[in-house]
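Read through the structure below, which is laid out as structure tokens, and then see the notes.
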Amino acid sequence: MFSAIEGLADGGVKMGLSRELSIKLAAYTLYGAAKMILETGEHPAVLKEAVQSPGGTSAYGMHELEKGGFRALLINAVEAASNRSKSTGDLVLPRQSMENIIYEDDHHEEFTSKRVAIAGRR
1 MFSAIEGLAD GGVKMGLSRE LSIKLAAYTL YGAAKMILET GEHPAVLKEA
51 VQSPGGTSAY GMHELEKGGF RALLINAVEA ASNRSKSTGD LVLPRQSMEN
101 IIYEDDHHEE FTSKRVAIAG RR
């Protein structure tokens, strides 16, 4: 998701914002979206629809993302990373293990620490 933040920030710079402000806005945009999903339990599509005003800036931005195949790119990235992990013999946690880590931990900092620790075992 660093690439998504970087791309959003580059767009902000292109539109005249400072690099520092663009990075913060991009990071908070993704953070806010993730937080809404985690706190509400709503499907991302429901929240996406809820925040878009007809003819508004979000609708125009989403149109460009969809036109460029953004969802397909993300799906392909997950598939490629998963296939690479399997082919190199990297530790791939069973689905249930990852679900336990995510659902048992309500604190972002603790989740991040666990995720880093798991990544370090590879």
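So in the UniProt record's numbering, the last one in the sequence shown is 122, and the numbering has no gaps at all.
We put the CB at the ideal spot given by N, CA and C, even for glycine.
All figures in this text were calculated on a predicted structure; none of them were measured in a lab.
Cβ shell of residue i (< 8 Å), same chain only, five flanking positions each side left out
| i | result |
| --- | --- |
| residue 25 | 8, 9, 12, 17 |
Sequence-distant residues of the same chain with beta carbon closer than 7 Å to residue i, five excluded per side
| i | result |
| --- | --- |
| residue 27 | 5 |
| residue 51 | 58 |
Residue i vs residue j beta-carbon contact at 8 Å
| i | j | result |
| --- | --- | --- |
| residue 21 | residue 36 | no |
| residue 59 | residue 53 | yes |
| residue 1 | residue 30 | yes |
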